[in-house]
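Reading through the C-alpha cells given below for one structure.
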Amino acid sequence: MIEPGSEYLTVTNLKKYFPIRKGVFKKTVGNVRAVDDISFFVRERETLGLVGESGCGKTTTGRTLLHLLEPTEGQVHFRGEEVGKLLKKEPGKVRRNMQIIFQDPYGSLNPRINVRDIVGEAVRYYGLYQGRELDEYVAELLQKCGLRPEHRFRYPHEFSGGQRQRIGIARALALQPRFVVCDEPVSALDVSIQSQVLNLLKDLQEEMLLTYLFISHDLSVVRHISDRIAIMYLGKIVELAHKREFFDNPLHPYTKALLSAIPVPDPRRKSDRVILEGDVPSPATPPSGCRFHTRCPFAMERCKMEEPLFDDNGSDHFVACFLYQK
Amino acid sequence: MDKQKQISRKSHHGNLWFEAWLRFKRNRLAMIGLIMVFSVIMIAVFAPYLAPYEPSRQLIWTEGKAAKLASPSSAHWMGTDLYGRDIMSRIIFGSRISLQIGIFATLVSLIIGVPLGALAGYMPGWVDDTISWLINVVFAFPFILFVLAVVAVFKNPSMVVIYLAIGLVTWVQIARVVRGQFISLREREFVEAARALGLPTWRIIFVHILPNAIAPVIVQATLGMGSIIMIEAGLAFLGFGAQPPTPSWGLMISIGQKYLATGHWWWAIFPGLAIMYTVLAFNFLGDGLRDALDVRLKR
C-alpha cells in the first residue's frame, strides 16, 4: 500500500471520470474512466516515466495530478501537503512548485505575445523580478534553455518546433519549480531534435534539482531519461519498476508485449514478439476484473472476476497481476 | 550591442497584425473594399464641402419656379425631389447618417456581445446555458418586429433609440462568434499553461484568450456594418427609422419609390445605389479581413 504523503510526491487512489451526457437535459448516462484509481509516488529528484498507448489516460493523469483537471476522487500529496487543499489556501505555492511542459510546441505558446512576456509574465505576477531585472532574468533563462537572449523580443511563429519547445521549457522553469510534469515534450519533434531537448531536460534537472513525471508513448525515449518506469493500460497503472529491473525482468503480460514490440536493429535475432489480440476496450465500459484479461495470453477465470491489487512484488517492483500475487 | 539589439528588434517586428496587413494588401478585392469604405468615410467627413447644395434647402429655378422633380442635369447630377431638394447633396449628407448608424449600432452590439459571448464561452454550465438560450431566443425572434417594438416604446424615435434597438438585435451575431472562439481557445495548451502558472482568470481572459479571439470579431463587426446599414434603410423605409427631413437613404427610397411609376426614377434609384455601394464596400472589406486574419490558414 502507498501511504498518502509518505514520499516526495504521492498519488493515492486518483480517479478522473468524464461524464457522458446525452439528450436535451444533459443527463449523465455514463463515465469515461480516463484515470481509474491509480496510486504511485515520485521520489525527490528522480524521473518517473509514465508510458502507455494513446487514450490510456497518461495525459489525464498529468493534468489531474496538477489539478488542472479536478480529480473525481483521490489525493495528491506534494512534500507532505495535500495539493487540492493547498490550492485553495495558497494557490501560488502549488503553482510555483509544480509546473508542466506540453506536447504541442505550436499550441502551447500564445501567438500574440513575445517570448519575454511568455516566459516572464508569471515571474512578474508573483513579484520575483521586475523591470530591468526581469529582462535580465528572462535573457539568462533563455540562454540556459539553449536560446539566444535577443530571442526574447520575437514572437512564437518565428521559431522552429524545437525552439518553441525550449521556450515552453523556459516558461515552465521560470518560477523555479521543484516538480515538473513533462507531457510528451518530444513526441512532436523530429528525431534529430528529440535527443537535444531530452538532454536539455536532463541538464536542467541536474542544475535546478528538478523532479520529473515524464509522460510518453515512446519506450526508448523513456528509457533514456527515466529512473523508474510506470506502464499504464486503460486508466490503470499495471507495472512500475526501476529502469533496469523493468527492462530485464518485466512481469506484467502487457509490459512483456510492449517490450517485445521494440524493434531490435539485428537481422539475425529471432523475433519472439508477443502479439496481442484485439483492440483496447473502451474506457467508458472497461472489462470487469483485470482490465487486461480480454487480451491477456495468460488470462485465468479469476482475472474476469476480481481486480488484482497493484502491489510491491519486492525490491520496489510494483505490479498488478494475479500471476505474481501471493 | 545596443545597436545590434535595435536592428534585430526592427527586422523582426513579427507582429501578427503586421503580417495580416501584408496578406491583406495582396488581396485585390480587399483593397478595393478598403478604398470604397474609405471613400464613404471621406464623403461623410467632407460632406459640406462636397455637396453642391444644402441638403434640405428647397431650390428655386431662376425663373422663380420651385425646382421640383428635375431630372438629372448638369446643375443637378442626380436630379431633385418633389420638394426641390438636390438629391446628390442629400445622398452625400446621407452617408453621415448611414455611417453613424453603422458605427454606433455596431458599438452597442460589441459592448453587449463581447462580454456575454466571452462569459458563455469561458464558463460552461449554467452560465453558458443561460446566455446561449438568450442568444437563441433573440435569433428566433423576427428582428424587424423587435426593433419596431423598441422604437415604438419610445414615442419619438431619435437616432440614439435606433442605435440601441439595432444593437440589441445584432449583438447575438457577435456573441456567437466570441463564444465559439472562447470555447476553442479555452482548451488550447497556452491557456492551460497560464492556468498552470496560477495566473488570475482576468489575465487569462484578457491577455491570453481575447487577443486571439479578436480577429473573427473584427470580421463579424465589419460584415455586420453592411447589414446594419441595410437594417436602418429598411426601418426608414417602414417609417420607423430616421424621420423627415433627415437625408437618410432609406427614407429617400421610401418616399421616392412612389414616383418610380411616374418616371421619376432618380429619386429612389440613386439612394439605392448609394446603399449598395456602401454595403458592398463593407462586405468586400470584411471578406478581405477574414482572409487576412484567418490564422487557421497559416500556422
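Same order as they appear, the protein sequences are chains U and C. To convert, take the position in the first sequence, counting from 1, and add 486; that gives my numbering. To convert, take the position in the second sequence, counting from 1, and add 3; that gives my numbering. Glycine included, C-beta positions come from ideal geometry on N, C-alpha and C.
Would you tell me roughly how many angstroms separate the C-alpha atoms of residue i and residue j, rounded to the nearest one?
i: glycine 548/U; j: isoleucine 586/U; result: 8 Å
i: valine 220/C; j: aspartate 689/U; result: 44 Å
i: tyrosine 125/C; j: asparagine 139/C; result: 18 Å
i: isoleucine 212/C; j: threonine 249/C; result: 43 Å
i: glutamine 589/U; j: glutamate 619/U; result: 30 Å
i: alanine 199/C; j: leucine 572/U; result: 14 Å
i: valine 750/U; j: tryptophan 205/C; result: 52 Å
i: glutamate 489/U; j: glycine 566/U; result: 11 Å
i: cysteine 782/U; j: valine 666/U; result: 34 Å
i: glycine 538/U; j: valine 130/C; result: 37 Å
i: methionine 786/U; j: isoleucine 701/U; result: 31 Å
i: leucine 32/C; j: aspartate 676/U; result: 40 Å
i: lysine 13/C; j: leucine 628/U; result: Reliability fails at lysine 13/C, whose pLDDT of 42 lies under 50, so the model's placement of it is uncertain and no value is given.
i: glutamine 682/U; j: histidine 710/U; result: 12 Å
i: phenylalanine 564/U; j: arginine 529/U; result: 10 Å
i: tyrosine 494/U; j: glycine 632/U; result: 29 Å
i: threonine 545/U; j: methionine 718/U; result: 11 Å
i: valine 805/U; j: threonine 496/U; result: 17 Å
i: valine 141/C; j: arginine 182/C; result: 16 Å
i: methionine 255/C; j: glycine 242/C; result: 11 Å
i: alanine 54/C; j: serine 77/C; result: 14 Å
i: tyrosine 21/C; j: methionine 34/C; result: Reading off the sequence, residue 21/C comes out as phenylalanine, not tyrosine. Their backbone Cα atoms lie some 15 Å apart in a straight line.
i: glutamine 691/U; j: proline 753/U; result: 37 Å
What is the DSSP secondary structure of residue i, reduced to helix, strand or coil?
i: alanine 660/U; result: coil
i: valine 605/U; result: helix
i: asparagine 583/U; result: helix
i: arginine 507/U; result: strand
i: glutamine 561/U; result: strand
i: methionine 718/U; result: strand
i: serine 525/U; result: strand
i: alanine 520/U; result: strand
i: leucine 536/U; result: strand
i: leucine 555/U; result: coil
i: asparagine 139/C; result: helix
i: valine 515/U; result: strand
i: phenylalanine 287/C; result: helix
i: glutamate 626/U; result: helix
i: valine 760/U; result: coil
i: glutamate 793/U; result: coil
i: cysteine 807/U; result: coil
i: glutamate 568/U; result: strand
i: aspartate 621/U; result: helix
i: valine 40/C; result: helix
i: leucine 813/U; result: Here chain U comprises residues numbered 487 to 812, so residue 813/U is not present and cannot be evaluated.
Applying a beta-carbon distance threshold of less than 8 Å, which residues of chain A neighbour residue i?
i: asparagine 215/C; result: Note that chain A does not occur in the displayed structure, where the protein chains are U and C.
Can you round the beta-carbon distance between residue i and residue j to whole angstroms, since I take them to be within the 8 Å contact cut?
i: arginine 598/U; j: asparagine 215/C; result: 6 Å
i: glutamine 61/C; j: arginine 88/C; result: 6 Å
i: isoleucine 100/C; j: alanine 224/C; result: Actually they are not in contact, since the Cβ atoms of isoleucine 100/C and alanine 224/C sit about 19 Å apart, beyond 8 Å.
i: glycine 97/C; j: alanine 277/C; result: 7 Å
i: alanine 608/U; j: leucine 551/U; result: In fact, because the Cβ distance is near 19 Å, the residues do not count as touching under 8 Å.
i: alanine 50/C; j: isoleucine 95/C; result: 5 Å
i: glutamate 235/C; j: isoleucine 104/C; result: 4 Å
i: aspartate 638/U; j: asparagine 600/U; result: Position check: residue 638/U holds arginine in this sequence, whereas aspartate was assumed. Confirmed, Cβ separation roughly 7 Å.
i: glycine 116/C; j: tryptophan 174/C; result: 4 Å
i: phenylalanine 526/U; j: leucine 686/U; result: About 26 Å separates the two Cβ atoms, so there is no contact after all.
i: proline 773/U; j: alanine 520/U; result: Their Cβ separation, rounded to whole angstroms, is 16 Å, which puts proline 773/U and alanine 520/U out of contact at 8 Å.
i: leucine 288/C; j: glycine 36/C; result: 4 Å
Within 10 Å of its beta-carbon, does residue i have 16 or more other beta-carbons around it, so buried, or fewer, so exposed?
i: glycine 775/U; result: buried
i: isoleucine 748/U; result: exposed
i: serine 112/C; result: buried
i: aspartate 132/C; result: exposed
i: proline 58/C; result: buried
i: isoleucine 177/C; result: buried
i: proline 663/U; result: buried
i: glutamate 626/U; result: exposed
i: glutamine 616/U; result: exposed
i: lysine 722/U; result: buried
i: glutamine 9/C; result: Annotation note: pLDDT 45 at glutamine 9/C (below 50); position unreliable, no value reported.
i: isoleucine 114/C; result: exposed
i: asparagine 596/U; result: buried
i: methionine 279/C; result: exposed
Measuring from the CB of residue i, is there a heavy atom of the ligand GDP at a distance below 8 Å?
i: methionine 91/C; result: Absent from the structure shown: the ligand GDP. Ligands present: none.
*Give, in chain order, every unbroken run of the alpha helix (DSSP H) that is at least 4 residues long and sits entirely within the region 175 to 262 of chain C.*
192 to 199, 213 to 241, 252 to 259
*Entirely enclosed beta strand (DSSP E) segments - the region 662 to 748 of chain U, minimum 3 residues*: 665 to 669, 697 to 702, 714 to 719, 722 to 728
*Could you give the uninterrupted runs of the alpha helix (DSSP H) lying entirely in the region 68 to 133 of chain C, keeping only those of 4 residues or more?*
For the region 68 to 133 of chain C, whole alpha helix (DSSP H) runs of length 4 or above, ordered along the chain, are 90 to 125.
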